[in-house]
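Below is one structure, written out as structure tokens; comments come after it.
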């Protein structure tokens, strides 16, 4: 493992620098930002800021729609993904960046009406994949967010 002059690994040094804002977060496979686990809006905004290219605008729009739809939404970064939930109910939505799309995961998406289009190995989970030239239906997305936020979430 490479070490800095302070004896820290270069990965640990990069993560510490990213927390201070002096170094851009590393992009993992598919361009997913490597953001340290953390609670609150700060880590989520760091993730969104580090999303590459057009995906950053998608991330900003998704975040704004969730915040507007669920006042007081709980935010965190877990597993290099922004998570949205309701205190005491668990996570209802996660976002992850891939090479050609941004995946929005509704952890209880099968119970939403209409359900998001992407199926999962888990019978409860549904996905929405947003690609570069696709228009997000903000009204439908907000409907899903509202429905999902009113159910027990994942990790509750």
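Residue numbers (the numbering used here): 141 to 296. Glycine residues also receive a C-beta, built at the ideal position from the N, C-alpha and C atoms. Source: prediction; values computed, not measured.
Item	Value
What does DSSP give as the partner residue(s) for residue 215 in the beta ladder?	224
Check the C-beta distance from residue 268 over to residue 278 and give it rounded, since I have them as a contact under 8 Å.	Wrong, their Cβ atoms sit about 12 Å apart, outside the cutoff.
Are the CB atoms of residue 187 and residue 210 nearer to each other than 9 Å?	no
What first and last residue would you give for the beta strand (DSSP E) that runs through residue 268?	266-271
Enumerate in chain order the residues of its own chain whose CB-to-CB distance from residue 165 is below 6 Å, with the five nearest sequence positions on each side excluded.	158, 173, 174, 175, 190
With 16 as the cutoff for other CB atoms within 10 Å, does residue 271 come out buried or exposed?	exposed
Sorted by chain position, which residues of the same chain lie with C-beta nearer than 8 Å to residue 287's C-beta, five sequence neighbours on each side aside?	251, 252, 253
Would residue 284 be called buried (16 or more neighbouring beta carbons within 10 Å of its own) or exposed?	buried
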